[in-house]
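Novice: This is the structure I want to talk about, given as structure tokens.
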Amino acid sequence: DADGSAAGLLCVFILFLDLGSKFHFPEKEQLLRIYENTLPGAIYQLQAASDPDSGTNSVRSYKLSPNDHFEIRFRESDEDKVPFLVLKKAVDREITTTYKLLLTAVDGGNPPKSGILNITITILDINDNHPVFSRETYSVTLQENCITGTVVIRVNATDMDEGPNSEIEYSFATLNSKVNEVFELDQATGEIRVKGEVDFEDAEVYKLDIQASDKGHPPMSGNCRVIIKIIDVNDNRPEIEITSLYKNIPEDSKPGTVISLISVTDKDAGINGKVICQLNKNIPFELKPSFKENMYSLVTKDRLDRETSSQYDITITASDLGQPSLTASTTLSIQISDVNDNAPEFVINPLDLYLMENNAAGSSIISVSAFDRDTAENAVILYHIIRGDGTHNDFSSFLNINSETGVVYSLQRFDYETSKMFQFHVLATDSGTPSLSSNVTVNVFILDQNDNVPVILYPVSANGSAEAYDADIGYNGWLLFSLQEVSDHSLFGLDRYTGQIRTLRSFTETDEAQHKLLILVKDNGNISLSATATVIVKVVEPKEAFAASDMKNAVKDEEENNYVMPLHSNDLTAQNLVQ
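Those letters in the sequence shown? Residues -22 to -1, 1 to 557, by mature numbering (1 follows the signal peptide of the UniProt record, and there is no 0).
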């Protein structure tokens, strides 16, 4: 050393024997992340165990806990053995999301020593699953006329992926304008709601194809069908359609004649669409069902008579069987056309005509009138006088008639004293085809007119008589007598009703031998007619006999209406001169 003292070198060799001390991994746990679509054969390096020993006590092998998907391999070098994890079978995150394995490192000591590494393998998701609906087909019923916003159904789909790959959006799979008008789909919740008018009559069933799509890249989707059956509500009235309508029907149509065809429909279904039809009462028509449902024939039920009713308003009422029932109605106006089935009629038959005699020739004497219950040409009436056989009782040749007006004219003057009564017949004929006719009897009674003056007859007895007659009747033939002139009013009198001449006193010597009487005969007509006669009364002595040749019933003087009557002078008392 430095101070000069002696020094020596001692070499000491120390031999350390490896007794197999415990080795370890750098980390207690190793985390791996593997995508589920990784193909088998993929290799992942693991931590190598560190061993301070050497020789036979160093790491001899690695062992992996039993599993189906992974195995261990290692690579040897001069210094160590490096383990690798190998994927031998594909993994599926939807089956197992995490694998926990144990890697054991074993040395060659005796007894062997080991170290453990916890391996946690997380399977990463890929978008390999499409959304799946809880049902392939959903069926639901929905009442028509439901309010907007009504939830029809909620569809639900799930996706076994995770994250965005499992986030689902709903949409209509097909574009259908009608569906889009009526329904809407919440893309987040899958709720189907009523958007527009739900009408059973527009569609009884809706078939909606719904698609659920995830948010993966690329996205995957699934589909389902929603069948919505619409429940009918009685919200439609029956509809009546009229076809082949005959508005004018002859009155001689037979029962069962078809007037019109009627079709009744109801847009509702089931009992709501069942319809019953009926007509208003008290009409000669009825509905006959056709072989087709809700088809009817409107036919005549009874005989028709235009003269009783010329028009019918037929109301057709259709009622469905829903609750409450809905009805519809329509009215048909049917005209009954005329058939010539009525002959002309006279209100009064026979007719009595009272006609004053001495009517003017060519003047009208009566107007006959008939009526016909038919119409138009069938009711146009022409009049004719039925001509007789031309005998003395046939006066038809003395008459004429206006064929259109029925006014009857006389062609001559009638005389009561010649004919007091006659009759004729008028025929009324309509213009129908064939024509119908009827006749009326006219009884003509000639009324007397004061057209005849009284006629004074010749005396019919020896004493004479004032007799007269009048061809008229009644007051016109009722005669009254009066003395218009007399030579001696005290001697003679006249019965005004009988025409008998009487002496009022006895004759005296001072009386004239001859007397003149003027007799007036007058009828009682409104305009009185009269005649006069002069009667000469001669007074003779009793002893003077009348010769037979001188005794005549009546001696007519040279003057007309002068009558000479002889009278005995001994007729001194009042007596009738005319018996």
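The beta-carbon is built from N, C-alpha and C at its ideal position, and this holds for glycine as well. These numbers were taken from a predicted model, which means no experiment stands behind them.
Cutting at 8 angstroms between CB atoms, please list the residues of its own chain near Ser315, excluding the five before and the five after it.
Specialist: Around Ser315: Asn226, Ile227, Pro228, Glu229 and Arg284.
Novice: Less than 8 angstroms separating the beta-carbons of Ile254 and Ser222?
Specialist: No, the pair does not count as a contact, with Cβ atoms beyond the cut-off.
Novice: The alpha helix (DSSP H) that contains Lys156, what's its start and end?
Specialist: Its alpha helix (DSSP H) spans residues Ser155 to Val160.
Novice: Can you give me the C-alpha to C-alpha distance between Ser307 and Phe178, rounded to a whole angstrom?
Specialist: Going from the Cα of Ser307 to the Cα of Phe178 covers about 23 angstroms.
Novice: Rounding to the nearest angstrom, what Cα-Cα distance links His493 and Glu463 in this structure?
Specialist: Answer to the nearest angstrom: the Cα atoms are 10 angstroms apart.
Novice: Work out the CA separation of Met399 and Glu445 for me, nearest whole Å.
Specialist: Answer to the nearest angstrom: the Cα atoms are 29 angstroms apart.
Novice: Within the same chain, show all residues whose beta-carbon is closer than 8 angstroms to that of Asn336, passing over the 5 residues directly before and after it, in chain order.
Specialist: Counting only Cβ-Cβ distances below 8 angstroms, and skipping sequence neighbours, we find Arg391, Phe392, Asp393, Gln427 and Asp429.
Novice: Under the three-state reduction of DSSP, which class applies to residue 558: helix, strand or coil?
Specialist: In the structure as shown, the chain starts at -22 and stops at 557, and residue 558 therefore has no counterpart that could be examined.
Novice: The beta strand (DSSP E) spanning Phe52 covers which residue range?
Specialist: Phe52 -> beta strand (DSSP E) spans Phe48 to Glu54.
Novice: Could you check where the beta strand (DSSP E) with Lys185 kicks off and where it finishes?
Specialist: First-last of the beta strand (DSSP E) with Lys185: Val183 to Asp192.
Novice: In the structure shown, what three-state DSSP assignment does Asn250 receive?
Specialist: Residue state, collapsed to three classes: helix.
Novice: For Asn96, report the span of its beta strand (DSSP E) as first-last.
Specialist: Segment Ser92 to Leu102, the beta strand (DSSP E) holding Asn96.
Novice: Who are the Cβ neighbours of Lys279 in its own chain at under 7 angstroms, not counting the five residues just before and after it?
Specialist: Here the set comprises Pro233, Pro262, Phe263 and Glu264.
Novice: How many Å lie between Gly503 and Leu458 at the Cα?
Specialist: Distance between the alpha carbons of Gly503 and Leu458: 11 angstroms.
Novice: Put Gly141 into one of helix, strand or coil per three-state DSSP.
Specialist: Residue state, collapsed to three classes: helix.
Novice: So, helix, strand or coil for Phe423, using DSSP?
Specialist: Note: Phe423 maps to strand in three-state DSSP.
Novice: In angstroms with no decimal places, state the Cα-to-Cα distance between Asn49 and Leu63.
Specialist: Reading off the sequence shown, one finds Glu at residue 49, where the question assumed Asn. Going from the Cα of Glu49 to the Cα of Leu63 covers about 6 angstroms.
Novice: Going along the chain, which residues of its own chain have a beta-carbon closer than 7 angstroms to the beta-carbon of Val317, five neighbours each way excluded?
Specialist: Here the set comprises Pro228, Glu229 and Asp230.
Novice: Should the region 399 to 411 be regarded as contacting the region 377 to 387, the criterion being three or more beta carbon pairs within less than 8 angstroms?
Specialist: Yes, they touch.
Novice: Using a Cβ-Cβ cutoff of less than 8 angstroms, which residues in the same chain neighbour Ala525 once the five nearest sequence positions on both sides are dropped?
Specialist: With a pLDDT of 42 at Ala525, under the threshold of 50, the modelled position of that residue is not reliable, and the figure given next carries that caveat. Taken in chain order, the list of residues that qualify is empty.
Novice: Note down the Cα distance separating Phe3 from Ile101, rounded to an integer number of angstroms.
Specialist: Using only the alpha carbons, I get a separation of about 24 angstroms.
Novice: Is the region 148 to 160 touching the region 110 to 122 in the sense that three or more CB pairs, one from each, lie closer than 8 angstroms?
Specialist: At 8 angstroms Cβ cutoff, the stretches do not touch.
Novice: Have a look at Glu487 and His467 and give me their C-alpha separation to the nearest angstrom.
Specialist: Using only the alpha carbons, I get a separation of about 17 angstroms.
Novice: Hey, is the region 321 to 331 in contact with the region 286 to 296, meaning 3+ C-beta pairs nearer than 8 angstroms?
Specialist: Contact between the region 321 to 331 and the region 286 to 296 is absent, because fewer than three Cβ pairs lie under 8 angstroms.
Novice: Below 8 angstroms on the Cβ atoms is my contact criterion, and I expect Val517 with Phe470 to pass it. Report the Cβ-Cβ distance as a whole number of Å.
Specialist: Contact doesn't hold; Cβ gap of about 12 angstroms is too wide.
Novice: Tell me which residue opens and which closes the beta strand (DSSP E) that Glu7 is part of.
Specialist: Glu7 -> beta strand (DSSP E) spans Glu7 to Tyr13.
Novice: Just the Cα atoms here: how many angstroms apart are Gly452 and Thr383?
Specialist: For Gly452 and Thr383, the distance between alpha carbons rounds to 36 angstroms.
Novice: Should Tyr224 and Ile205 be called a contact, given that it needs their Cβ atoms to be closer than 8 angstroms?
Specialist: No, Cβ-Cβ distance for Tyr224 and Ile205 is not below 8 angstroms.
Novice: Give every residue of the same chain whose Cβ lies closer than 8 angstroms to the Cβ of Tyr116, excluding the five residues on either side of it in the sequence, and list them in chain order.
Specialist: Closer than 8 angstroms at Cβ, skipping near neighbours: Ile131, Val133, Cys202, Arg203, Val204 and Ile205.
Novice: Enumerate in chain order the residues of its own chain whose CB-to-CB distance from Lys78 is below 8 angstroms, with the five nearest sequence positions on each side excluded.
Specialist: Contacts found: Asn96, Ile97, Thr98 and Ile99.
Novice: Go ahead and pull the three-state DSSP assignment for residue 574.
Specialist: Given that the chain is displayed from residue -22 to residue 557, the structure contains no residue 574 and the question cannot be resolved.
Novice: Could you check how far apart the C-beta atoms of Ile364 and Asn417 are, in whole angstroms? I think they sit under 8 angstroms.
Specialist: About 6 angstroms separates the two Cβ atoms, so the contact holds.
Novice: Taking its Cβ as the centre, do 16 or more other Cβ atoms sit within 10 Å of Ser36, making it buried, or is it exposed?
Specialist: The residue is buried, with at least 16 neighbouring Cβ atoms inside 10 Å.
Novice: Looking at the ligand ADP, does it come within less than 7 angstroms of Ile451, judged from the CB to the closest heavy atom?
Specialist: By its list of ligands, the structure shown contains no ligand whatsoever, and the ligand ADP lies outside what it can speak to.
Novice: Helix or strand or just coil, what does DSSP make of Val533?
Specialist: With a pLDDT of 41 at Val533, under the threshold of 50, the modelled position of this residue cannot be trusted, and the question is left open.
Novice: Answer with buried or exposed for Pro90, where buried requires no fewer than 16 other C-beta atoms within 10 angstroms of its C-beta.
Specialist: With fewer than 16 Cβ atoms within 10 Å of its Cβ, Pro90 is classed as exposed.
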